[in-house]
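Take the sequence shown: its position 7, counted from the start at 1, is 385 in the numbering used here, and no numbers get skipped.
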Amino acid sequence: MPDSVKGSFDIPLSVPEIAGNEWDYVKECLDTGWVSSAGGYVTRFEEALRTYVGADHGVAMVNGTCALQIALLVAGVEPGDEVVVPALTFIAPVNAVRYVGAFPVFMDCDQTSLCLDVEKLTEFLTTRTRRAGNGDLLNRDTGRRIRAVVPVHVFGHPAEMDPLVKLCRELGLKVIEDAAESLGSTYRGHQTGTLGDVGVFSFNGNKLVTTGGGGMLVTNEPSWADLAKHLSTQAKTDPFSYDHDRVGFNYRLPNVLAALGVAQMERLDEFIEIKRRNLASYREALRSIETFVLLGEAPETRSNCWFYTLQVPERSREALMDHLLKAGIQVRPIWRPMHELPMYEHEYSYRIEVVPRAVRTMFNLPCSVGLSHADIQAVCGCIQEFWEMGASR
C-alpha cells in the first residue's frame with residue numbers, strides 16, 4: 379500500500395483500497411459541478427447497493443449513525459421507548475437510540491460470533507416483560523414499552539437472525555439490523571441488512587466499501603423508504619418551494635462521495651475474497667500457537683471477514699498489543715462495553731457475562747484489503763516472537 383496512507387505505522391490496521399474507477403468518477407463530478415447532494419451518482423450508488431443485497435429500496439445518507447437514527451424513526455420508535463441493543467458494539471446504535479429519545483436495553487453477546495445472544499434475548503423478552511392493556515410489550519422492571527431490537531453483525535460476522543426475527547415477529551417488535559460492518563456477509567444464503575425490517579450500512583474510511591463517510595438504509599417496505607428519504611432531506615414537501623411538514627434532517631450524501639461508492643461497489647466481491655484469503659493466511663501462520671485463536675464463522679454463515687479478531691490469554695493481551703505497536707504494527711482493542719460507559723452505566727442491562735471476558739482477551743489485527751503476504755508474515759512473525767519469549771505462558 380502507498381506510504382501516504384500508512385501514517386505512523388509500517389502496517390496500519392485498516393486503510394481504504396482506492397484502485398478502481400474512483401478517480402474517473404470523482405473527476406466527472408468535479409468537471410460537471412455535481413459535487414453536492416444532487417447528481418446521478420447518489421441514485422446509482424443506491425441502486426448498486428440495494429441490488430447487491432437484494433433489497434427493494436435504498437436511501438443513501440451522510441453516515442451510518444444518521445441512517446440508524448432514521449431507521450429507528452421509520453420503525454416507529456418513540457421517546458420513552460426501549461430498544462434492545464448489544465453491550466458489545468461500536469457506540470453508534472446506542473447513541474442513535476438516545477437521539478430519538480428512547481432508552482437502550484443492553485444484552486450480552488454469544489461466544490462464537492460476538493453478536494447479540496439470542497438465548498438471553500429470548501429469556502429476557504419472555505420472562506421480564508408483560509403486556510399492557512393496549513397490547514404493548516412492557517419491561518417489567520422499568521415499565522417502559524419495548525419497541526425494537528437492533529442486532530449488530532460484529533466485525534462482519536452475522537448474528538443468529540432466524541430465531542431472533544421469529545421471536546420479534548411473535549412479540550410485535552421491529553428488527554433494525556446494524557449491518558455497518560457486514561456488507562457482503564450472508565446468513566443462510568441471505569445478505570445481512572435484509573433479514574429484518576430495515577437494515578443500515580456504513581461507508582466510513584475503514585469499511586470494505588468506503589465513500590470516506592456515508593451510510594445507507596435498505597428496506598423492502600416502500601412507505602418506510604419514502605419516509606426515510608423525506609426525513610433525511612429536511613422533510614421538504616415541494617422540490618421548488620421551501621415547504622416542510624415536520625422536523626427533518628440534513629443527512630443527504632453528497633454526489634462526489636457517492637461516486638466513490640459506485641466505484642467501490644464494482645469491486646466488492648473481489649475485496650471480500652481478498653479479506654477471506656488473508657484471514658486464512660493468518661490462521662495458517664498462527665495455527666501452531668494453540669492459545670491464540672482467530673474468531674471464526676458460525677454455522678450457516680459466510681462472513682466478509684471485515685476485521686480479524688484474535689483471542690489470547692487475558693494475561694497476555696496488553697503485553698502482546700504493546701509488542702506489536704512497538705514493532706510498527708497497528709492493532710486495536712475491541713470496544714469498551716456500552717454498559718460501562720459513564721453516560722450509559724445506569725441504563726438497563728440483562729445478564730451480561732460474556733462481553734467482559736471478550737473485551738479482556740481480544741483485539742484486532744491489521745486487515746486492509748491491500749495487506750500483502752509479507753505484511754501478514756511480519757505480523758505473525760512478531761506474534762510468534764512474543765510467544766517464544768514466554769510472555770504468553
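Glycine residues also receive a C-beta, built at the ideal position from the N, C-alpha and C atoms.
Have a look at residue i and residue j and give me their C-alpha separation to the nearest angstrom.
i, j, result
"ASP647", "GLY562", "8 Å"
"TYR430", "ALA449", "20 Å"
"HIS535", "TYR620", "44 Å"
"LYS607", "ASP409", "27 Å"
"LEU586", "MET594", "14 Å"
"VAL747", "ALA416", "31 Å"
"ASN628", "VAL420", "15 Å"
"ILE652", "ARG624", "45 Å"
"THR500", "LEU545", "7 Å"
"LYS704", "ARG710", "13 Å"
"ALA433", "GLY759", "43 Å"
"PRO691", "HIS701", "15 Å"
"ALA637", "PHE618", "25 Å"
"LEU664", "ASN656", "12 Å"
"GLN689", "VAL671", "5 Å"
"VAL596", "ARG738", "34 Å"
"ARG428", "VAL640", "12 Å"
DSSP three-state label for residue i, please.
i, result
"ASP488", "coil"
"HIS717", "helix"
"VAL671", "strand"
"GLU460", "strand"
"PHE387", "coil"
"ARG645", "coil"
"LYS585", "coil"
"VAL413", "coil"
"GLN569", "strand"
"ILE712", "coil"
"HIS608", "helix"
"SER770", "Low local confidence applies: a pLDDT of 44 at SER770 is under 50, so the model's placement there is unreliable, and no value is given."
"PRO482", "strand"
"TYR726", "strand"
"ARG665", "coil"
In the DSSP assignment, the alpha helix (DSSP H) including residue i goes from what residue to what residue?
i, result
"THR505", "496–505"
"HIS701", "692–704"
"VAL431", "418–431"
"MET539", "539–549"
"PHE764", "751–766"
"ALA526", "Careful: ALA526 lies outside any alpha helix (DSSP H), inside the beta strand (DSSP E) at 524–527."
Give me the Cβ distance between residue i and residue j, rounded to the nearest whole Å; I'm assuming they're in contact under 8 Å.
i, j, result
"SER491", "VAL532", "7 Å"
"ILE730", "ASP486", "5 Å"
"THR564", "ARG645", "Actually they do not touch by this definition, with Cβ atoms about 18 Å apart."
"PHE649", "GLU395", "7 Å"
"THR687", "LEU673", "4 Å"
"ALA453", "LEU494", "Contact doesn't hold; Cβ gap of about 17 Å is too wide."
Would you give the residue range spanned by the beta strand (DSSP E) that residue i belongs to?
i, result
"GLU555", "552–556"
"THR597", "593–597"
"GLY577", "576–580"
"HIS435", "435–439"
"ASN473", "That residue, ASN473, is in no beta strand (DSSP E); its alpha helix (DSSP H) goes 470–477."
"THR687", "686–689"
"LEU743", "740–743"
"LEU450", "Element bounds for LEU450: not the beta strand (DSSP E) but the alpha helix (DSSP H), 442–452."
"ASN517", "515–517"
Output needed for residue i: all residues of its chain with C-beta closer than 7 Å, excluding positions within five of it in sequence on either side, in chain order.
i, result
"ILE389", "GLY706, ILE707, GLN708, PRO744, ASP753, ALA756 and VAL757"
"LEU446", "ALA470, PRO471, ALA474, ASP556 and VAL578"
"LEU451", "VAL478 and LEU609"
"MET379", "Reliability of the predicted coordinates at MET379 is poor, the pLDDT of 47 falling under 50, and the value obtained from them is presented with this limitation in mind. Same-chain partners within the cutoff: VAL393, SER746 and GLY748."
"ASP514", "ARG523"
"ALA603", "HIS435, VAL437 and THR597"
"CYS683", "GLY534, LYS653, ARG654 and LEU657"
Got a sec? Which residues, its chain only, sit under 6 Å from residue i by beta carbon, not counting five neighbours each side?
i, result
"GLN489", "VAL732"
"VAL553", "VAL527, VAL543, CYS546, GLY574 and ASP575"
Within its chain, find whatever has a CB closer than 8 Å to the CB of residue i; leave out the 5 residues flanking it on each side and keep chain order.
i, result
"GLU460", "ALA480, PHE481, PRO482, VAL483, ASN517, THR520, ARG522, ARG523, ILE524, ARG525 and TYR726"
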